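Asker: According to this note's numbering, the residues represented by the sequence shown are 150 to 451, in order. Where a beta carbon is used, it is the ideal one built from N, C-alpha and C, also for glycine. These numbers come from a predicted model, not from an experiment. Sharing a structure below in structure tokens format, with a few things to ask.
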Amino acid sequence: MAIVLDTNMKLFAERMNITSSRMIQDYGLKTVDEIIEAEAAQGNTQAINYAREMYNSPAKLIKIFKLTDVENKFVILHNMDDRTRQMVLPMLEKEDLVMGLYFFTQEKLLSMLMEVDIEELVNVIMGAFPLQEVVMMFTEDDLAEFFQNEKLEKYDVINQLKCMPPEVMQKFVEGVTGRPSEETNPLDLIKSIEELPIDQYRDFMSAIDPDVQRQLTFQLTKQKPEYLQLFSNETYVNMLSTMMKTEMVKPMVFLEKDTLVDMISILPEDLMSIVAAQVDTKQFAEFLLEDHLDLLEGALMI
């Protein structure tokens with residue numbers, strides 16, 4: 150005896166643009182959910198539209214379009230325009246955005262770091278090197294400019310001069326006076342430096358022995374890490390350029406999320422889609438449900 154569709158299923162088949170014979174042959178024992186899922190997967194526009202009407206929960210969308218599959222997310226993302234695709238990037242975890250940085254050449258990464266906020270770049274540097282190593286990498290020009298900087302408080306410098314290690318203090322006194330250190334009271338010398346007019350004081354401090362400058366810089370930046378922001382982007386980028394790219398990228402997780410998003414957003418669309426496909430599946434489904442279900446129709450997976 151032939152199987153006959155009941156009235157409700159017949160109307161449903163017509164709406165899905167499925168012939169009665171195919172409905173019986175392919176979907177005789179299937180539920181409505183299973184039929185919609187199968188038809189949507191084959192690119193049936195009516196099934197996609199019906200799914201929009203019937204399912205307004207992320208869980209349903211995830212099931213129908215198999216969004217747990219990263220490849221399916223990639224295909225949908227690749228069909229987006231740049232503006233829409235970039236809207237997905239802020240949903241990613243910072244660690245996923247950082248992984249996307251490996252698509253850039255090291256030269257491009259260094260170029261982009263030249264433009265980031267100095268506070269963020271300092272965070273990257275401190276994630277890459279210990280403070281003592283950072284200070285050792287400052288050039289003599291870097292140190293001279295540091296002690297000329299108007300934002301470096303004279304009070305802080307004088308205080309750190311007073312508590313330098315004995316061997317550095319000896320070198321400092323002898324370098325300034327040209328005489329054996331025991332002939333000069335260090336505190337008297339520091340007092341005379343403190344009393345110099347500000348311009349003379351800065352010129353003096355920028356010209357003292359680089360080893361003494363380096364010790365002072367270490368003490369100052371250890372006490373007040375914000376003083377590291379008085380060095381230039383170029384100084385820190387030069388430090389990072391000494392690293393292998395794989396190691397250089399890791400501390401870039403200390404960049405702000407907005408900065409990472411801006412970097413990833415200039416990748417070609419296929420590479421940006423690979424990065425964006427790491428988005429949390431539920432968040433992605435919610436994003437599509439908000440106002441982007443039309444993107445499903447153009448995806449190759451359906």
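Taking the C-alpha atoms as reference points, what is the distance between Gln432 and Met275?
Answerer: 33 Å
Asker: Runs of 4 residues minimum, wholly inside the segment 236–282: which ones carry the alpha helix (DSSP H) assignment?
Answerer: Inside the segment 236–282, DSSP marks whole alpha helix (DSSP H) runs of 4 or more residues at positions 243–249, 255–262, 267–277, from first to last along the chain.
Asker: If you draw a straight line from the C-alpha of Ala426 to the C-alpha of Lys209, how long is it?
Answerer: 19 Å
Asker: Straight-line CA distance for Phe161 to Ala189?
Answerer: Computed Cα separation, rounded: 14 Å.
Asker: Looking only at its own chain, which residues have a Cβ that is under 6 Å from the Cβ of Asp352, when we skip the five neighbours before and after it?
Answerer: none
Asker: Can you tell me where the alpha helix (DSSP H) with Gly324 in it begins and where it stops?
Answerer: Counted as a single uninterrupted DSSP element, the alpha helix (DSSP H) harbouring Gly324 occupies residues 315–326.
Asker: Is the segment 397–407 touching the segment 255–272, taking contact as three or more C-beta pairs under 8 Å?
Answerer: Yes: at least three Cβ pairs fall under 8 Å.
Asker: Can you tell me whether DSSP reads Asp419 as helix, strand or coil?
Answerer: helix
Asker: Please report the straight-line C-alpha distance between Asp305 and Lys340, rounded to a whole angstrom.
Answerer: Pairing Asp305 with Lys340, the inter-Cα distance amounts to about 14 Å.
Asker: Closest by CA to Glu323, which one among Cys312, Val361, Gln372?
Answerer: Val361
Asker: Starting from the C-beta of Phe252, find all residues in its chain whose C-beta is less than 7 Å away, skip the five residues before and the five after it, and write them out in chain order.
Answerer: Leu416, Leu420
Asker: Give the single residue among Met354, Ile413, Leu389 whose Cα lies nearest to the Cα of Glu294.
Answerer: Met354
Asker: Tell me whether Met172 is buried or exposed, calling it buried when 16 or more other Cβ atoms sit within 10 Å of its Cβ.
Answerer: buried
Asker: For Met285, count the other beta carbons within 10 Å of its own beta carbon; 16 or more makes it buried, fewer makes it exposed. Which is it?
Answerer: exposed
Asker: In three-state terms, what does DSSP make of Thr391?
Answerer: Reduced to three states, the DSSP call for Thr391 is coil.
Asker: With a cut-off of 8 Å on the beta carbons, I'd call Ala434 and Pro207 a contact; round off their distance for me.
Answerer: 4 Å
Asker: Between Leu246 and Val424, how many whole angstroms is the CB-CB distance? I'm expecting something under 8 Å.
Answerer: 7 Å
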